[in-house]
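According to this note's numbering, the sequence shown is numbered sequentially starting from 304. Cβ atoms here follow ideal geometry from the backbone N, Cα and C, with glycine treated the same way. Take a look at the structure below.
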Amino acid sequence: MFDTVILLAGAAERAVLPSVLLWHNPRLTVMPVETSAELAALSPDLLRRGRLVGYVTPVIVPQRILAQLGYGAFNFHPGPPSYPGWAPAHFALYHQATEFGATAHVMVERVDAGPIIEVAMFAIPADISVLGLEGMAYARLAQLFWRMAKWLALNPEPPPALPLQWGERKYFRSTYRAMCEISLDLPRDEFDRRLRIFGANHFGISLTITLHGVEFHAVAAPPIQPTDGSHWPRLDPAMIAALEPERG
């Protein structure tokens with residue numbers, strides 16, 4: 304019997320999102336976890352009775368966990384289907400995309416590859432920064448969660464998939480790092496573009512130039528470490544009040 308949601312998220316989200324689910328189903332058990340180790344420690348019995356919900360998490364859920372879940376696993380990805388994988392906002396701005404968004408999808412063994420069940424898209428404002436675009440995506444992601452909370456808390460059946468496909472190219476940490484490697488013959492306009500989008504030392508990865516076998520790193524502001532979600536806007540009581548769901 305479905306009676307548990309395992310919430311895989313950062314500390315700020317784990318402090319807020321359970322109350323949204325419990326609003327719809329006060330009898331539900333919400334089990335907040337943050338790390339791979341905490342996930343691995345969950346009992347097979349709990350997994351059989353539960354569904355997993357990942358929210359802006361860097362944790363890759365192994366197939367052996369996915370296979371034991373009785374009621375599926377779903378992930379909230381802070382980017383649109385066209386940008387699966389790492390740092391979607393950076394690559395969308397680099398490619399001069401005109402729209403961005405947030406995606407809810409079924410978790411499968413491959414990251415950002417499962418059936419898409421909900422999206423929230425918006426036009427990218429002119430001259431927006433990476434952090435500004437990530438903030439807009441996070442707001443849409445929160446709206447997606449609120450919209451889906453009733454189903455997540457009450458319905459043991461999987462939701463229908465949308466007729467949407469993920470983008471053909473997936474982005475990884477190695478893809479991001481490659482964009483930060485500056486060749487000596489890089490055209491000025493391309494250098495300026497990479498500096499604007501990849502030059503803020505996000506993820507602790509800085510722009511580098513190699514000269515005579517020596518690697519030089521660009522000096523920027525103190526590094527931002529987005530991999531743990533610490534740079535995302537925070538859910539707080541005001542946001543809850545603004546997005547408070549109707550009780551199921």
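Local conformation of F448 per DSSP, three classes: helix
From G373, T360, F394 and W449, residue whose alpha carbon lies closest to that of I500: When only C-alpha atoms are compared, the closest one is F394.
Length-filtered (3 minimum) beta strand (DSSP E) runs lying within the segment 365 to 430: 376 to 380, 402 to 409 and 419 to 426
Status (buried if at least 16 other CB within 10 Å, exposed otherwise) for D415: buried
First through last residue of the beta strand (DSSP E) which encompasses L519: Reading the sequence as shown, one finds Phe at residue 519 and not Leu. Where F519 is concerned, the enclosing beta strand (DSSP E) stretches over V517 to H520.
Pick from L342, Y397, S385 and P387 that is closest to L372, judged by C-alpha positions: When each option's Cα is compared against that of L372, the closest is L342.
Given 8 Å, three or more beta-carbon pairs between the segment 429 to 442 and the segment 457 to 464: The segment 429 to 442, when compared against the segment 457 to 464, does not touch it at the 8 Å Cβ threshold.
Which of helix, strand or coil DSSP assigns to A272: No information on residue 272 is available, as it lies outside the stretch 304 to 551 that the chain covers here.
M334 - containing beta strand (DSSP E), residue span: T332 to V336
Contact test: L510 Cβ vs the ligand COA heavy atom, cutoff 6 Å: Absence of the ligand COA from the depicted structure is noted, as is the absence of any ligand whatsoever, leaving it without description.
Residues near Y374 by beta carbon distance below 7 Å, same chain, minus five either side: F305, G353, R354 and P459
L320: first and last residue of the uninterrupted alpha helix (DSSP H) it sits in: From DSSP, the alpha helix (DSSP H) with L320 extends over A314 to H327.
Endpoints, the beta strand (DSSP E) within which R354 is located: Taken as a continuous stretch (DSSP letters only), the beta strand (DSSP E) holding R354 covers G353 to Y358.
Spatially closest choice to E316 from W326, H327 and E337, by CA coordinates: E337
Classification of V517 by the beta-carbon crowding that lies within 10 angstroms, buried from 16 upward: exposed
At least 3 beta-carbon pairs within less than 8 Å: the segment 394 to 404 vs the segment 480 to 500: Contact holds: three or more Cβ-Cβ distances are below 8 Å.
The segment 490 to 505 touching the segment 404 to 424, judged by at least three CB pairs closer than 8 Å: No: the two stretches stay apart, fewer than three of their Cβ pairs being nearer than 8 Å.
Burial state of I368 (16 or more Cβ within 10 Å): Under a 10 Å Cβ-count criterion, I368 is classified as buried, with 16 or more other Cβ atoms of the shown protein chains found around its own Cβ.
Nearest-angstrom Cα separation, counted from H398 out to G507: 22 Å
Given A445 as reference, the closest of V319, A314 and T307 once Cα atoms are compared: V319
Where the beta strand (DSSP E) containing I508 begins and where it ends: Here I508 belongs to no beta strand (DSSP E), and DSSP marks it neither H nor E.
Same chain, Cβ closer than 7 Å to L498, neighbours up to 5 away in sequence not counted: L510
Secondary structure of L342, DSSP reduced to three states: helix
T332 vs T307 beta-carbon contact at 7 Å: yes
Whole-angstrom distance between A452 and V323, CA atom to CA atom: 7 Å
Between the CA atoms of W449 and W469 - distance to the nearest angstrom: Distance between the alpha carbons of W469 and W449: 23 Å.
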